[in-house]
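Just so you know, the sequence shown maps onto residues 7 to 343 in our numbering.
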Amino acid sequence: MPFISNYSLKNLNTFGIDVNAKLYVDVSTEADLKDVFASPLVKENKLLVLGGGSNMLFTKDYDGLVLKVNIKGINVIQQGDDVLVTAGAGEVWDILVKYCVAHGYAGLENLTLIPGTVGASPIQNIGAYGVEIKDVLESCTAFEIATGEIKTFSKADCEFGYRESIFKGKLKGKYIITSVTYRLSKIPNLQTHYGAINTELERRGIANPTIADVSNVVAAIRVSKLPDPSTIGNAGSFFKNPVIDQQSFDKLLSNFPDIPHYPAPNGRVKLAAGWLIEQCGFKGMIDGHTGTWKNQALVLVNHGGATGQEVYRFSEKIIETVRQKFGVLLEREVNIF
Ligand code: EPU
């Protein structure tokens, strides 16, 4: 596991931004992690831990050490009606989903085709079509940078929120996720309430869906709405859906009666950032080498050769326009480096 200087990150971020890391190292076991952290190079350089690179925008070369977690493996550790499946942090997320669907383990099917790796799933509590990681996570293990020890976190320890966890909060930069265990079930409790899933199942004439049916339908919905990062650089939703208080929402609703909204914890209201952005005329807009996706305004894309600076400036323009029209401040979901 050698340290490599001046390493291109172009193929390691789904936005396809062409930047270099001053130093790069790849780890495939927990023992590798220990070895890396025994090196003085780690103390001398700032550190960026990379999984699938599917939720980040590089605006410049990374002047430090990029550590790619490549720890693989999918293992069933308990069988019954409930099935506990443990996956290495570097396992590609959708490979895990396909494995579980093929074996009849229910719980991850709504999360089909999300780009990225297993290790990122608890960090930002990935979610789609009515299911979040917090609904299925049993525990995860993580390497503590300060001590070199592997610690286990229960679901409660992870302090999950909407696209949030303790690993993005007070433990940021302190741990590296090494594996995640999911509690799945052989008795499916299918979540098809998210509008588009039911509509698509009906359209296909499927009255009693299986896990595979739900997975296929979710895949079809994603493909129809979201650009495929292997052909068009993107990092999924660029912004979070904003959550505002009821009073601010009531004011907005009187001016924009058809504004999509969903109940959020603590009596707050979640808005659809994609709708707000589309109402500002940005949907499908091309701005130099960047723009928003034609079928989903919440997704910023690299049409080829975009720099991270260019995408970032375009996102500033969107934030400012939405703020002026709706008085709502969009927050980036994507990590900026
Ligand atoms: N909408 C528009 N115009 C758009 C996009 C959306 O009007 O250009 C409206 C839709 O019509 C709908 C509402 O906004 O009324 C919500 O849209 P959608 O169902 O597409 O989902 P989203 O809220 O935009 C979230 C997640 C996605 C996830 C989908 C499906 C966030 C930030 N994004 O998007 O996650 O796939 O729900 O569950 O929560 C990601 O995090 O990278 C991601 C893709």
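Backbone N, C-alpha and C fix where the C-beta goes; we use that ideal spot for every residue, glycine too.
Please check the pair residue i and residue j, which I expect to be a contact at CB under 8 Å, by giving their CB distance rounded to whole angstroms.
i, j, result
"Ala37", "Ser185", "With 8 Å as the limit, Ala37 and Ser185 do not qualify as a contact, their Cβ atoms being about 14 Å apart."
"Val25", "Lys66", "6 Å"
"Gln302", "Gly280", "6 Å"
"Ser11", "Leu39", "Actually they do not touch by this definition, with Cβ atoms about 20 Å apart."
"Ile325", "Leu304", "Rounded, the Cβ-Cβ distance is 13 Å, inconsistent with contact."
"Met7", "Val33", "6 Å"
Ends of the alpha helix (DSSP H) at residue i?
i, result
"Ser127", "Ala126 to Ile129"
"Asn222", "Ile217 to Lys231"
"Ala108", "Trp99 to Ala108"
"Val82", "Not the alpha helix (DSSP H): Val82 falls in the beta strand (DSSP E), residues Ile80 to Gln84."
"Asp38", "Glu36 to Ala44"
"Glu165", "No alpha helix (DSSP H) holds Glu165; DSSP gives it neither H nor E."
"Leu3", "Lying outside 7 to 343, the shown extent of the chain, residue 3 is not represented and no answer is given."
Would you identify the three-state DSSP class for residue i, choosing helix, strand or coil?
i, result
"Glu337", "coil"
"Leu114", "coil"
"Ser243", "strand"
"Tyr13", "strand"
"Ser171", "coil"
"Val328", "helix"
"Leu90", "strand"
"Ala202", "helix"
"Glu150", "strand"
"Lys178", "coil"
"Lys157", "strand"
"Ile132", "coil"
"Leu18", "helix"
"Arg189", "strand"
"Ser236", "coil"
Should residue i go down as buried or exposed, given a rule of 16 or more other Cβ atoms within 10 Å for buried?
i, result
"Asp234", "exposed"
"Asp251", "exposed"
"Glu5", "The structure shown does not extend to residue 5, since the chain is modelled only from 7 to 343, so the question has no answer here."
"Lys74", "buried"
"Gln130", "buried"
"Ile342", "exposed"
"Gly297", "buried"
"Ser230", "exposed"
"Ile193", "exposed"
"Pro271", "exposed"
"Tyr268", "exposed"
"Thr158", "exposed"
"Pro266", "exposed"
"Asn19", "buried"
"Leu335", "exposed"
"Ala95", "buried"
"Leu207", "buried"
"Gly125", "buried"
Does the Cβ of residue i lie closer than 7 Å to at least one heavy atom of the ligand EPU?
i, result
"Tyr188", "no"
"Ser254", "no"
"Tyr200", "yes"
"Trp281", "yes"
"Pro266", "yes"
"Glu138", "no"
"Tyr135", "yes"
"Lys331", "no"
"Gln197", "no"
"Asn261", "no"
"Glu170", "no"
"Asn19", "no"
"Leu304", "yes"
"Gly242", "yes"
"Asn247", "yes"
Got a sec, what are the start and stop residues for the beta strand (DSSP E) residue i sits in?
i, result
"Lys276", "Arg274 to Leu277"
"Ala303", "Gln302 to Asn308"
"Asn26", "Asn26 to Val33"
"Ala270", "His267 to Ala270"
"Gly297", "Thr296 to Trp299"
"Leu196", "That residue, Leu196, is in no beta strand (DSSP E); it is neither H nor E in DSSP."
"Gly70", "Tyr68 to Val75"
Within 8 Å (strictly less), CB to CB, does residue i reach chain C?
i, result
"Phe288", "Here chain C cannot be found, since the structure has a single protein chain."
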